[in-house]
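These notes are about the structure you will find just below.
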Amino acid sequence: MRRFALSRPLSAGLLTLALLVAGCHPSPRQKPSGSSGLEINIAHINDHHSHLEAHADFEIAVGGLPTRVAAGGFPRLTTLFKAQAGLPNLLKIHAGDAMTGTLYHTLYNGEADAALMNTVCFDVFALGNHEFDEGDAGLRRFLDYLRSGPCQTTVLAANVEPAIGSPLAPVAIDDYRRSYLLKEVDGIVLGIIGIDVRGKTMNSSRPLATTLFHDEVDTAQKTIDELRARGIRHIILVTHQGYEADKAMAARLSDVDVIIGGDSHTLLGSFSALGISGSSGPYPTVVKNRDGERVCIGQAWEYAKAFALMQVRFDDRGAVASCSGEVILPIGDDFRQKNGAEAFVAVDTATRARILEQLAQHGTARIVSPDPIAQAELAHYAGRLDDMKRQRIGTAGESLCLVRVPGESTNRSSGVAGCESANTRARGSDIAQAVAEAYRHASRLADIALVNGGGMRTALPKGDISFSTAYTVLPFANVLIELRLSGRQILEVLEDAVANHLDRNGSNGSHPYAAGLRWDLDMSRPRGSRLANVEIKSRADGAWQALEPAASYTVVTSDFLAMGGDGYSTLAQIHLAGGSVNTYLNYTQTFVDYLLAQGRVSRPAAADYSHKTVISRAGRQLP
-11 MRRFALSRPL SAGLLTLALL VAGCHPSPRQ KPSGSSGLEI NIAHINDHHS HLEAHADFEI
49 AVGGLPTRVA AGGFPRLTTL FKAQAGLPNL LKIHAGDAMT GTLYHTLYNG EADAALMNTV
109 CFDVFALGNH EFDEGDAGLR RFLDYLRSGP CQTTVLAANV EPAIGSPLAP VAIDDYRRSY
169 LLKEVDGIVL GIIGIDVRGK TMNSSRPLAT TLFHDEVDTA QKTIDELRAR GIRHIILVTH
229 QGYEADKAMA ARLSDVDVII GGDSHTLLGS FSALGISGSS GPYPTVVKNR DGERVCIGQA
289 WEYAKAFALM QVRFDDRGAV ASCSGEVILP IGDDFRQKNG AEAFVAVDTA TRARILEQLA
349 QHGTARIVSP DPIAQAELAH YAGRLDDMKR QRIGTAGESL CLVRVPGEST NRSSGVAGCE
409 SANTRARGSD IAQAVAEAYR HASRLADIAL VNGGGMRTAL PKGDISFSTA YTVLPFANVL
469 IELRLSGRQI LEVLEDAVAN HLDRNGSNGS HPYAAGLRWD LDMSRPRGSR LANVEIKSRA
529 DGAWQALEPA ASYTVVTSDF LAMGGDGYST LAQIHLAGGS VNTYLNYTQT FVDYLLAQGR
589 VSRPAAADYS HKTVISRAGR QLP
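At position 366 of the sequence shown (counting the first as 1) the number is 354 in this note's numbering, and the numbers step up by one without a gap.
Now the structure itself:
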């Protein structure tokens, strides 16, 4: 195999030319010389989001029994990529969102991710929306790390047009990203095109205003037509826009053959035998393009937990004759199951043998040893990480107290100076307010940020704050979700949250706190009349005004709440109906980034607390 010269991206002039070409639609596929029986193999991942280490307590079902095992991690993915080296016509693809999600990104700004990616040597890396979370300059820094290694991976994004003189185009528009890669296999030239999601990147990440994002479908078709005019008949799109968008795009495009995607973190294939639900379809998913010909679609879940391998065979016209493949979950062999005390402990030899036999029958979860080179790279960064966790990232000007429900009898901040009577006060949780403000700060769209009081696990004492402290406050793996709600629905959400612990004997961790929203609460009243005088704070001028029942607002919250956790059923209904966007921003990292940006955090002004007044369940007004 040899790599052809890379194209220049579709500048304004080329886009115009492409439109002219499209006006005279190319003739039907013709037989390129030597194309008969062409087969390619595509090994791919997506959305690893700085999850470089294995997931230590990944739970599967083996023989119907809950079983925990180390799963995934980038060194295991490297092993699987290297294992395919003998396959003919192999392409290695990363479909975007390498960036953000763990401390490895927060502390190393893409250096660790690039180092692990360079143990694979991807043919192409397609830009995702989160590559722009730290602006064009942050993306350039990551790409500099990536190109400093031996691999020289081609970075693709046909619909992203940086301005000349900006970080991604210091001299020329194709300094850091290309529209497509031409690659020759068995005498046939493949065209590989990159497409990034437009709206989400522009609205939820932080690209420069001068960086243009063109329509995904239009750009894809114009680029395909340009390649067809050059005699290229085998077209692969590497997209970062989501599984459903990939299927919809395929139906609108001519002459596309394969779409390798990311963004939606979609699991494809059958994993019910392992107790893993949530598969969205078969792997590969086969749909028809606008010409009525096959398009093979693949995606490989998330967080370095899965590896996908697709085989595609073309007929003598250059169209897809068939495709097949599988998604593999690489795991370790440290199996743990429950003992009599319901604790997960290492299994005995006989149980281990049965587990191995049962896993072999299913085939999709496979024991994979970490690649030693990749493991050594990871160990290098992990060792430095332990030291860096102790580094100061900000200062608490005063103690931020932990409270679930204002007026609760338990002082969850006992022993923290300044929090001696926090549980008796109407304001409730200081730390919940700070985290909600961090959510609102992270979202470019949200009018309101909503958190549950139980989502924060400790108070934040006055003084220095380290990375480790932040991860103690927010220890879970939640990500942020943006939802569009009416004012009336927001009231229902708040009523859900309060009713969960007052009426349904659910956890009082459901109690709501918010940034940009405040209310009067009377817990002595029945559902439907507990909240009054609900007001929203304008992001434009900071003024408070009444929440309008018929108006529409954007709310950012955790995926736990968006999926109905802690009794937030109204949110779940909206989420399941498609009224949400997953930002995939890790909630802890969001708080860390907020602390790094602010430098110093204190309790908010009295007017910015969620609770203006609170009457307890017993009818007592709290101070």
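Using N, Cα and C, we set each Cβ at its ideal position, and we do this for glycine too.
Just so you know, these numbers come straight off a predicted model, no measurement behind them.
Check this for me: beta carbons of residue i and residue j, under 8 Å apart or not?
{"i": "Gly250", "j": "Pro270", "result": "no"}
{"i": "Ile183", "j": "Ala236", "result": "no"}
{"i": "Asn440", "j": "Ser357", "result": "no"}
{"i": "Gly475", "j": "Gly555", "result": "no"}
{"i": "Leu468", "j": "Ile562", "result": "no"}
{"i": "Gly382", "j": "Gly587", "result": "yes"}
{"i": "Arg445", "j": "Val461", "result": "yes"}
{"i": "Trp507", "j": "Leu519", "result": "yes"}
{"i": "His350", "j": "Leu262", "result": "yes"}
{"i": "Val569", "j": "Lys188", "result": "yes"}
{"i": "Asn117", "j": "Ser192", "result": "yes"}
{"i": "Val50", "j": "Leu144", "result": "no"}
{"i": "Ile176", "j": "Ile224", "result": "no"}
{"i": "Leu612", "j": "Ile30", "result": "A query on residue 612 cannot be resolved here, the shown segment of the chain reaching from -11 to 611 and no further."}
{"i": "Ile212", "j": "Val244", "result": "yes"}
{"i": "Thr81", "j": "Ile248", "result": "Note that residue 81 is Ile in the sequence shown here, rather than Thr. Yes, the Cβ-Cβ distance between Ile81 and Ile248 is below 8 Å."}
{"i": "Gly442", "j": "Leu610", "result": "no"}
{"i": "Phe259", "j": "Thr55", "result": "no"}
{"i": "Ala239", "j": "His36", "result": "no"}
{"i": "His228", "j": "Ala114", "result": "yes"}
Please name the residue or residues paired with residue i in a DSSP beta bridge.
{"i": "Gly286", "result": "Ile248"}
{"i": "Glu314", "result": "Leu297"}
{"i": "Thr227", "result": "Ile183"}
{"i": "Phe332", "result": "Lys326"}
{"i": "Pro500", "result": "Asn440"}
{"i": "Ser154", "result": "Ala157"}
{"i": "Val543", "result": "Ile436, Leu471"}
{"i": "Asn29", "result": "Leu78, Gln299"}
{"i": "Leu610", "result": "DSSP output for Leu610 lists no bridge partner at all."}
{"i": "Thr273", "result": "Ile285"}
{"i": "Glu149", "result": "Leu200"}
{"i": "Leu178", "result": "Lys171, His222"}
{"i": "Ile603", "result": "Asp510, Gln609"}
{"i": "Ile319", "result": "Ala59, Ile355"}
Using three-state DSSP, classify residue i as helix, strand or coil.
{"i": "Phe46", "result": "strand"}
{"i": "Ala338", "result": "helix"}
{"i": "Thr88", "result": "coil"}
{"i": "Pro391", "result": "At residue 391 the sequence reads Val, which differs from the Pro that was named. The answer is coil: DSSP assigns Val391 none of H, G, I, E or B."}
{"i": "Asn570", "result": "strand"}
{"i": "Val9", "result": "The predicted model places Val9 with a pLDDT of 29, which falls under 50 and marks its position as unreliable, so this point remains unresolved."}
{"i": "Ser15", "result": "Confidence is the limiting factor: at Ser15 the pLDDT is only 40, short of 50, which leaves the residue's position unreliable and the question unanswerable from this model."}
{"i": "Glu232", "result": "helix"}
{"i": "Glu41", "result": "coil"}
{"i": "Ala353", "result": "strand"}
{"i": "Asp508", "result": "strand"}
{"i": "Arg591", "result": "coil"}
{"i": "Leu366", "result": "helix"}
{"i": "Ala309", "result": "strand"}
{"i": "Gly22", "result": "Because the pLDDT at Gly22 is just 43, under 50, the model does not fix this residue reliably, and the value given afterwards should be weighed accordingly. Three-state DSSP puts Gly22 in coil, outside helix and strand."}
{"i": "Ile343", "result": "helix"}
{"i": "Leu361", "result": "The question names Leu, but residue 361 is Ile in the sequence shown. Three-state DSSP puts Ile361 in a helix."}
{"i": "His118", "result": "helix"}
{"i": "Met551", "result": "coil"}
Taking the alpha helix (DSSP H) that residue i falls in, what are its first and last residues?
{"i": "Gly451", "result": "Element bounds for Gly451: not the alpha helix (DSSP H) but the beta strand (DSSP E), 451 to 454."}
{"i": "Ser557", "result": "557 to 564"}
{"i": "His489", "result": "475 to 490"}
{"i": "Gln209", "result": "204 to 217"}
{"i": "Gln586", "result": "575 to 586"}
{"i": "Arg128", "result": "123 to 135"}
Terminal residues of the continuous beta strand (DSSP E) containing residue i?
{"i": "Asp596", "result": "Element bounds for Asp596: n/a, residue is neither H nor E."}
{"i": "Leu519", "result": "519 to 525"}
{"i": "Gln140", "result": "Careful: Gln140 lies outside any beta strand (DSSP E) and carries neither H nor E."}
{"i": "Tyr168", "result": "168 to 173"}
{"i": "Ala534", "result": "532 to 534"}
{"i": "Thr446", "result": "No beta strand (DSSP E) holds Thr446; DSSP gives it neither H nor E."}
Examine chain B for any beta-carbon lying closer than 8 Å to the beta-carbon of residue i, and answer yes or no.
{"i": "Gly416", "result": "Here chain B cannot be found, since the structure has a single protein chain."}
(message) I'd like the ranges of any alpha helix (DSSP H) spanning at least 4 consecutive residues and lying wholly in the stretch 46 to 116.
(response) 62 to 71, 91 to 96, 99 to 105
(request) Output the residue ranges of the beta strand (DSSP E) runs that lie fully inside the stretch 372 to 443 and measure 3 residues or longer, sorted by chain position. (result) 380 to 384, 436 to 440
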